[in-house]
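Visitor:
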Amino acid sequence: MKSIQVFDPALCCSTGVCGVDVDQQLVGFSADVDWANEKGAHIERFNLAQQPMVFAENAVVKAFLERSGAEALPLILVDGEVALAGRYPNRFELSKWTGIPLIDAPTKSGCCSGNTTCN
Amino acid sequence: MTTPRFLNNPPRFLFFTGKGGVGKTSVACASAIKLADAGKQVLLVSTDPASNVGQVFGVAIGNSITKISSVPHLSALEIDPQAAAQVYRNRIVDPVRTILPESVVRTIEEQLSGACTTEIAAFDEFTALLIDSALTANFDHIVFDTAPTGHTIRLLQLPGAWTGFLEAGKGDASCLGPLAGLEKQRSQYKAAVDALADTKRTRLVLVARAQQATLREVLRTHEELALIGIAEQYLVINGILPQQAVVHDDLALALYDREQLAMTNIPDSLKLLPADRIELKAFNLVGLDALRKLFITDVVLVNDAPETQWLALSAPSLSALVDDIAKDKHGLVMLMGKGGVGKTTLAAAVAVELVLRGLQVHLTTSDPAAHLSETLNGSLENLTVSRIDPHAETLRYQKSILDAQSANLDAKGRALLEEDLRSPCTEEIAVFQAFSRIIREAGKKFVVMDTAPTGHTLLLLDATGAYDREVHRQSVDKEAHVLTPMMQLQDVTQTKVLLVTLAETTPVLEAVNLQTDLCRAGIEPWAWVINNSVAAVPVQSALLQRRAQNELSQIAAVANTHASRYAVVPLLKNEPIGVARLHELAISKN
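In order, the protein sequences belong to chains A and B. For the record, in the first sequence the residue sitting at position 109 is 109 according to this note's numbering, with numbers rising by one throughout. Add 1000 to a position in the second sequence, counting from 1, and you land on the number used in this note's numbering.
1. Whose C-beta lies closer than 6 Å to the C-beta of L1043(B) among residues of the same chain, with five residues either side of it excluded?
2. Beta-carbon of I1523(B) versus every beta-carbon of chain A: anything under 8 Å?
3. Helix or strand or just coil, what does DSSP make of F1283(B)?
4. Going along chain A in order, which residues have a C-beta closer than 9 Å to the C-beta of I1240(B)?
5. Tell me whether V1093(B) sits in a helix, a strand or coil according to DSSP, three-state version.
6. Is there at least one Cβ from chain B nearer than 8 Å to G69(A)'s Cβ?
7. Which stretch, first to last residue, makes up the beta strand (DSSP E) that contains R1387(B)?
8. Run through the DSSP bridge pairs and tell me what E44(A) is partnered with.
9. Counting only the same chain and skipping the five closest in sequence on each side, list residues whose C-beta sits under 8 Å from that of K1445(B).
10. With DSSP run on the structure shown, which of helix, strand or coil describes F1446(B)?
11. Runs of 4 residues minimum, wholly inside the stretch 1505 to 1538 of chain B: which ones carry the alpha helix (DSSP H) assignment?
12. With N1238(B) as the anchor, note down where its beta strand (DSSP E) starts and where it stops.
13. What's the C-alpha gap between I1092(B) and S1133(B)?
14. Would you kindly check if the distance between the Cβ of H1562(B) and the Cβ of V1512(B) is under 8 Å?
15. Run down chain B in chain order and give the residues with a C-beta less than 7 Å from the C-beta of M53(A).
16. What does L75(A) touch in chain B if you count any residue whose Cβ is under 7 Å from its own?
17. Taking the Cβ atom as the reference point for each residue, do Q1398(B) and L1376(B) lie within a distance shorter than 8 Å?
18. Are the C-beta of A10(A) and some C-beta of chain B separated by less than 8 Å?
19. Against chain B, with Cβ distances strictly below 8 Å, would A49(A) count as a contact?
20. Is it a yes or a no for the stretch 1149 to 1156 of chain B touching the stretch 1115 to 1135 of chain B, going by three-plus beta-carbon pairs under 8 Å?
21. Are the CB atoms of L1130(B) and A1060(B) nearer to each other than 8 Å?
22. What first and last residue would you give for the beta strand (DSSP E) that runs through T1501(B)?
23. Any beta carbon from chain B within less than 8 Å of L65(A)'s own beta carbon?
24. Which two residues bound the contiguous beta strand (DSSP E) that contains T1364(B)?
25. Is the CB of V1104(B) under 8 Å away from at least one CB in chain A?
26. When you compare each of I1068(B), A1434(B), L1354(B), I1237(B) to G1021(B) by their alpha carbons, which one comes out closest?
27. Please check the pair D1276(B) and F1006(B), which I expect to be a contact at CB under 8 Å, by giving their CB distance rounded to whole angstroms.
28. Check whether the stretch 1529 to 1544 of chain B and the stretch 1565 to 1573 of chain B touch, using three or more Cβ-Cβ pairs below 8 Å as the test.
29. What is the DSSP secondary structure of S1046(B), counted as helix, strand or coil?
30. Mind the definition here: the stretch 1009 to 1021 of chain B touches the stretch 1265 to 1282 of chain B only if three or more C-beta pairs lie below 8 Å; say whether that holds.
31. Pull up the CB-CB distance for L1489(B) and L1458(B), whole angstroms please, since I reckon it's below 8 Å.
32. Less than 8 Å between CB atoms is the rule here; does L1112(B) satisfy it with respect to chain A?
33. Using the three-state DSSP reduction, which class does V1105(B) fall into: helix, strand or coil?
34. Against A56(A), what residues of chain B qualify as contacts under a CB-to-CB distance less than 7 Å, listed in chain order?
35. Is the beta carbon of D1249(B) closer than 8 Å to that of S1541(B)?
36. Can you tell me whether H1391(B) is buried or exposed? The criterion is at least 16 other CB atoms within 10 Å of its CB, across all chains shown.
And the structure:
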């Protein structure tokens, strides 16, 4: 299975609730990551405020930060290559990258149902 | 009272807690000396940023256990929570400082500059002292001049916090988040938290003043910590004016009555605690002799201060500041400061002064008692009064998030989210949302507020663009915003921040910290207001004269070092409620 790496902006937590502006997408995405990992996917998340070294050591991520700055995060790499930037993937995209079928996912799966990433 | 009740059969750990300026460090020092004098081996731990522990004992102490040679059996240790937090930040940021772009590094640093980081970094330092270790094995008692907050302890008690964050290495608990560099093992944090909740080992002493506002705050701390199992609690009311000190002095008499009334009306659940009262002393609490006398009640009071030595303090009045503010015709005026310094009263006074100058004013307070807003409402034609209730705003915010997220979370995740939502940041964000609804009125009239977001919150908001979004979302007239709200706050012609403090060491220091925080966000406080000053009124009582004398150096520090302009507001005999007394507060010629 492909490896997916998510480079989060500097969040104080992965749900962002104690941040300044709760991002509904982010909470939904956290749940989607749990869903995919339970199905055997390998999704890793890195938080800029907590693991900046991982950002610095990855040439692709470092170049991205130099070009676009921290405000352009999140950045999603699939097998080390840029798959998405500036927003979190939805469950449909996760399914496409990992090959995990959406069929047995809960009702909120798929595009435009649970979260609002594809409007 | 030679031995206060909180020092009867004391357990190993003694924590003194209370808000800045109530005298916790003095009480903690005096307690440590008393225990050491009785032959116990004592370690005194101070986290007071204004710590004069070293000065008291004539030794430089710092961040390692130091023997105090002037007091046999006593050692001391100073922990600087800000420095501890800085060490954390450096540990995370230093390795990437030269590798990642500067703007990215700044983002990371800001994220790690919140109250939570400082709080947990300080707790991390305590942990080593609370667990069994060779370091502290020889001490019979460890006396702390502070205590961890309920929020920190609860977070560390949650199993979800450990599995999610500490064990998996990356986690969901926001307020543990800053501790990516947590060094100790779970068992150590657990042992520390267990020690705190063990009544055989830990006693918490709540330090208050005989004032309604501080007693209310102490009540909150008491209930919060009792709920998480810290059951062994004592109450100390410090700095009470003794009756014999108030003769022939109207102000002292009025203060005495006010204090006695506050103590009579003490909240019921505090009444159940074993309590001590410590009288205000006519001497400064500096030096061993003075500290040894702190718990003695029958110190003879001599009216040793010369009677007519009152020198007119030539400081600007609040009214003079308002003259300058009024020139702008409209704008935002925010009063900032720690709890209990009188922001609400001064916001009301500023609002009344502006109205008296013929201007339109909207006063918004977060006054918990609401009596101030009620007495003012409808009293002046051009004055509108509204209230932001931080508690209600926080509940609304918590509910909206929990409702939206619950479906996605298991029980553990939900517990963690709920705890995150009890963090100090949450209240600030909740209040901020209410705040953004109101500030857009400042283009047409004056908006005066007794609350404001911290520089840290503003910077985070600004970095994510969330602030602009928040304000625009709530704005009806979207075209009207040419400037970003952050620019509005940074522009001194549109926004004036008045920093409120008291003429005492710790409150001034806390105000300096607030100022530093605001400056980080590019907002320079326009003026400082020193409230409740005794030096600004003629007093006969020796005790009050002494207090006035002590205030002078603090007032000078504000005037000469910290503030670009300032005003001094006198302590009044009567609580400043209603238009007439608020006006009196402002115009008082010092």
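Just so you know, even glycine gets a beta-carbon here, dropped at the ideal spot from N, CA and C.
Guide: Well, looking at it:
1. Along the second sequence, read from residue 1 onward, the residue named residue 1043(B) stands at position 43. Here the set comprises S1075, F1139, I1142.
2. By 1-based counting over the second sequence, the position of residue 1523(B) is 523. Answer no: the Cβ-Cβ gap between I1523(B) and chain A never drops below 8 Å.
3. By 1-based counting over the second sequence, the position of residue 1283(B) is 283. Reduced to three states, the DSSP call for F1283(B) is coil.
4. Position 240 of the second sequence, counted from the start, is the residue given in the question as residue 1240(B). What I1240(B) touches in chain A: nothing, since even the nearest Cβ is about 39 Å away.
5. Counted from its first residue, the second sequence places residue 1093(B) at position 93. It is helical.
6. Taking the first sequence and counting its residues from 1, the one referred to as residue 69(A) is at position 69. Yes, contact with chain B.
7. Here residue 1387(B) refers to the residue found at position 387 of the second sequence. Counting along the chain, the beta strand (DSSP E) containing R1387(B) begins and ends at 1383 to 1387.
8. What you label residue 44(A) is simply residue 44 of the first sequence in a count that begins at 1. Q5(A), per the DSSP bridge assignment.
9. Residue mapping note: residue 1445(B) aligns to position 445 of the second sequence, counting from 1. Here the set comprises H1330, L1359, Q1360, V1361, H1362.
10. Residue numbering aside, residue 1446(B) sits at position 446 when the second sequence is read from its first letter. The answer is strand: DSSP assigns F1446(B) an E or B state.
11. 1505 to 1520
12. The count along the second sequence starts at 1 and reaches residue 1238(B) at position 238. Its beta strand (DSSP E) spans residues 1233 to 1240.
13. The residue labelled residue 1092(B) in the question sits at position 92 within the second sequence. The residue labelled residue 1133(B) in the question sits at position 133 within the second sequence. Whole-angstrom Cα-Cα distance: 28 Å.
14. Taking the second sequence and counting its residues from 1, one reaches residue 1512(B) at position 512. Taking the second sequence and counting its residues from 1, one reaches residue 1562(B) at position 562. Closer than 8 Å, so yes.
15. Within the first sequence, residue 53(A) is the residue found at index 53, counting from 1. Residues of chain B passing the Cβ test: P1095, V1096.
16. In the first sequence, counting from the first residue as 1, residue 75(A) sits at position 75. What L75(A) touches in chain B: nothing, since even the nearest Cβ is about 12 Å away.
17. Start at 1 with the first residue of the second sequence, and residue 1398(B) comes out as number 398. Start at 1 with the first residue of the second sequence, and residue 1376(B) comes out as number 376. Their beta carbons are not under 8 Å apart, which means Q1398(B) does not touch L1376(B) by this criterion.
18. As a working note, residue 10(A) is residue 10 in the first sequence. Yes, contact with chain B.
19. Looking up residue 49(A) in the first sequence gives position 49. Taking Cβ atoms only, chain B reaches closer than 8 Å to A49(A), which makes this a yes.
20. yes
21. Looking up residue 1130(B) in the second sequence gives position 130. Looking up residue 1060(B) in the second sequence gives position 60. Contact flag unset, no.
22. One-based indexing of the second sequence puts residue 1501(B) at position 501. Its beta strand (DSSP E) spans residues 1495 to 1502.
23. Mapped onto the first sequence, residue 65(A) falls at position 65. So yes, L65(A) belongs to the interface.
24. For the purposes of this step, residue 1364(B) is taken as residue 364 along the second sequence, with counting starting at 1. From DSSP, the beta strand (DSSP E) with T1364(B) extends over 1361 to 1365.
25. Residue 1104(B) sits at position 104 when you count from the first residue of the second sequence. Yes, V1104(B) counts as interfacial toward chain A.
26. For the purposes of this step, residue 1021(B) is taken as the residue at position 21 of the second sequence. Ranking I1068(B), A1434(B), L1354(B), I1237(B) by Cα distance to G1021(B) puts I1237(B) first.
27. Mapped onto the second sequence, residue 1276(B) falls at position 276. Mapped onto the second sequence, residue 1006(B) falls at position 6. At roughly 6 Å, the Cβ-Cβ gap stays under 8 Å, so D1276(B) and F1006(B) are in contact.
28. yes
29. Translated into positions along the second sequence, residue 1046(B) becomes position 46. Three-state result, S1046(B): strand.
30. no
31. Position 489 of the second sequence, counting from 1, holds the residue named residue 1489(B). Position 458 of the second sequence, counting from 1, holds the residue named residue 1458(B). Confirmed, Cβ separation roughly 7 Å.
32. Within the second sequence, the letter at position 112 stands for residue 1112(B). Interface residue, yes.
33. The residue given as residue 1105(B) occupies position 105 in the second sequence. It is helical.
34. Counted from its first residue, the first sequence places residue 56(A) at position 56. The answer, in chain order, is V1096, I1099, L1100.
35. In the second sequence, residue 1541(B) corresponds to position 541, counting from 1. In the second sequence, residue 1249(B) corresponds to position 249, counting from 1. Going by C-beta atoms, S1541(B) is nearer than 8 Å to D1249(B).
36. The residue you call residue 1391(B) lines up with position 391 of the second sequence. Looking at its Cβ environment, which holds fewer than 16 other Cβ atoms inside 10 Å, H1391(B) is exposed.
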